Amino acid sequence: MSGVDGRLKPAIAHGMRLQWEEAQAAHVLLYPEGMVKLNGTAGAILSRCDGVRCLDEIVAELERTYGASGLAADVNAFVTYALEKQWLELRP
Amino acid sequence: MNASAPSAGSAAARGVGPPLWLLLELTYRCPLHCVFCYNPTDFATTAAELPTAEWLRVLREARALGAVQLGLSGGEPLAREDLEEIAAEAHRLGFYINLITSGVGLSEARITALKSAGVDHIQLSFQDSTREMNDFLSSTRTFDLKAKVAELIRAHGYPMVLNVVLHRYNIDHVAEILAMAERMGAQYVELANTQYYGWAWLNRDALLPSRAQLRRAEEVTRAFRERVGERMKIYFVVPDYFETRPKPCMSGLGSVFLALTPDGTALPCHAARMLPGLSLPNVRAMSVREIWYDSQAFNRFRGQGWMKEPCVSCPERDKDFGGCRCQAYLLTGDADNADPVCDLSPHHHLVTAAVARAEAAVHSGGPAREHVLRFRDHRTSIALLPGVPPGHGSG
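These protein sequence lines are chains A and B, in that order. In terms of this note's numbering, the first sequence opens at residue 1 and continues consecutively. In terms of this note's numbering, the second sequence opens at residue 1 and continues consecutively.
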């Protein structure tokens with residue numbers, strides 16, 4: 001499968017901050033003079049990208065949490081997108 | 001969140017969101033004297049700056065409403081000795097903190113303290129890529145100091161964000177400015193064409209570039225972007241005088257943005273103090289909640305009830321909100337008019353005439369810049385007040 005190697009550990013990129021905002025009932029990504037309000041799915045994925053868990057572990061955890069299976073392709077696609085946007089960086 | 005449930009009929013109940021963006025202009029004191037500063041020309045008459053405790057209360061109240069992006073600006077915010085204390089409280093509350101600075105006063109000791117206080121990012125302004133022009137435009141000798149500060153910012157692990165305000169005298173140096181930014185390892189560069197408010201408005205006819213200058217700068221920027229890719233993000237803020245549709249200023253006044261001036265006056269945009277008929281609230285007398293949801297000044301331009309033709313029947317009114325209220329007022333004398341940048345505005349000729357004058361001035365070489373530019377300083381601010389006879393205050 002193409003995309004991000006599941007053994008790598010995604011982390012919120014340097015200079016970015018992810019936090020839950022009660023007033024917006026959403027996770028937001030904060031960066032120099034900007035903010036992205038994340039939808040539920042994006043928030044669920046990014047909030048697990050702590051540079052400690054590898055992508056495969058994150059997928060497994062999401063599948064357990066949401067009682068779903070076969071999420072790997074969708075999560076991988078979103079992580080690829082987030083890497084392009086420089087929201088995330090990968091750690092070995 | 002029930003404790004803060006809005007009362008029926010209030011702005012909150014009508015679906016007004018939180019003031020997501022809070023800008024604190026902590027002081028109008030500034031070691032620079034930039035000709036394009038958007039601060040009001042009468043800044044010298046501003047009342048005493050808020051004390052530390054008041055700023056901390058403002059931060060707590062705004063954060064409770066949902067404010068999350070915080071700008072610490074001025075003037076030069078480093079002129080406040082309590083900047084570190086203000087930043088530390090903001091960080092504790094969960095703000096993302098943007099320090100917007102000229103760099104003057106940013107020593108190793110202060111940047112270390114600001115970093116440990118939790119400042120998330122520092123935006124450093126440059127006036128030009130050359131020492132001569134940087135120092136002329138700011139009426140100071142600060143170029144070398146700024147270059148050192150840029151190094152400090154990087155050494156402390158901050159993303160390097162440079163801001164350069166563009167106008168007639170430096171727009172032809174965009175290639176050199178971008179090369180300087182690249183040498184400094186900048187990740188973000190704002191090439192912000194001058195917006196004409198405050199001192200910039202006063203100096204407008206000397207600062208507006210020609211269309212040919214602008215096109216060249218855009219072409220240089222495009223080619224540079226192509227070469228560096230994602231390594232360096234360049235924001236080219238368009239000069240709206242050359243457009244045919246207005247900018248969606250502040251996403252509409254009272255929508256997401258709340259600014260406070262050094263004396264605690266609350267503004268729905270940086271420049272709104274000039275607008276007639278706004279009774280501007282002050283945080284010394286009102287809570288941030290009352291100011292944001294209930295004050296006349298913040299409700300005056302919410303929604304579309306204030307709009308006139310051509311805006312009121314325009315299909316684009318939900319996109320640009322009629323443009324900038326301050327620009328409408330400055331150019332047409334009526335803040336309810338369409339922003340005259342829009343070519344549907346019956347006043348659009350005022351903008352094209354200003355651009356035509358700029359074209360003529362650039363082509364003829366124009367008068368020597370020293371004779372036409374007025375620098376932002378205390379004495380000039382006093383001298384410009386209505387009723388002050390020429391010769392008083394200036395010099």
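Positions of the beta carbon are idealized from the N, C-alpha and C atoms, including for glycine. None of these values were measured; they are calculated from a predicted model.
CB contact below 9 Å: residue i versus chain A
i: B/Glu230; result: yes
i: B/Pro410; result: Past the boundaries of the shown model lies residue 410 of chain B; chain B is included only from 1 to 395, so the question cannot be answered.
i: B/Gln69; result: yes
i: B/Gly15; result: no
i: B/Gly105; result: no
i: B/Gly94; result: yes
i: B/Met1; result: Because B/Met1 sits at a pLDDT of 36, beneath the cut-off of 50, its placement in the model cannot be relied upon, and the point is left open.
For residue i, the first and last residue of its enclosing beta strand (DSSP E)
i: B/Val237; result: 233-237
i: A/Leu30; result: 26-31
i: B/Tyr196; result: Here B/Tyr196 belongs to no beta strand (DSSP E), and DSSP marks it neither H nor E.
i: B/Thr101; result: 96-101
i: A/Trp87; result: Note, A/Trp87: premise wrong, no beta strand (DSSP E); not H, not E.
i: A/Lys9; result: 9-12
i: B/Asn163; result: 160-166
Where residue i falls: helix, strand or coil (DSSP)
i: B/Tyr28; result: coil
i: A/Pro92; result: coil
i: B/Leu280; result: coil
i: B/Gln296; result: helix
i: B/Gly305; result: coil
i: B/Tyr38; result: coil
i: B/Phe224; result: helix
i: A/Val75; result: helix
i: A/Thr80; result: helix
Any C-beta of chain B under 9 Å from that of residue i
i: A/Glu63; result: no
i: A/Ala23; result: yes
i: A/Arg91; result: no
i: A/Ala72; result: no
Start and end residues, alpha helix (DSSP H) containing residue i
i: B/Glu151; result: 143-155
i: B/Phe257; result: From DSSP, B/Phe257 is part of no alpha helix (DSSP H) but of the beta strand (DSSP E) over 257-260.
i: A/Arg64; result: 55-66
Neighbouring residues, chain B, relative to residue i (Cβ below 8 Å)
i: A/Pro32; result: Asn98, Asp120, His121, Gln123, Pro159, Val161, Tyr188
i: A/Arg17; result: Tyr96, Asp120
i: A/Val28; result: Val68
Sequence-distant residues of the same chain with beta carbon closer than 7 Å to residue i, five excluded per side
i: B/Gly185; result: Arg154, Met160
i: B/Arg289; result: Glu61, Leu65
Per-residue contacts from residue i into chain A (C-beta, under 8 Å)
i: B/Gln195; result: Within 8 Å Cβ-Cβ: nothing; B/Gln195 doesn't reach chain A, min ~15 Å.
Spatial neighbours of residue i in its chain, beta-carbon cut-off 8 Å, leaving aside the 5 residues before and after
i: B/Thr112; result: His156
i: B/Arg211; result: Phe242, Val355, Glu359
i: B/Thr130; result: Phe143, His173, Glu176
Closer than 9 Å at the beta carbon, the chain A residues around residue i
i: B/Leu65; result: Ala23
Neighbouring residues, chain B, relative to residue i (Cβ below 9 Å)
i: A/Ala3; result: Note that residue 3 of chain A is Gly in the sequence shown here, rather than Ala. By Cβ distance, chain B contributes nothing, its closest Cβ being about 19 Å from A/Gly3, past 9 Å.
Residues near residue i by beta carbon distance below 6 Å, same chain, minus five either side
i: B/Phe321; result: Pro248, Gly252
i: B/Phe257; result: Trp21, Met250
i: A/Leu83; result: none
i: B/Ala266; result: Leu260, Pro281, Ile291
i: A/Ile58; result: Arg48
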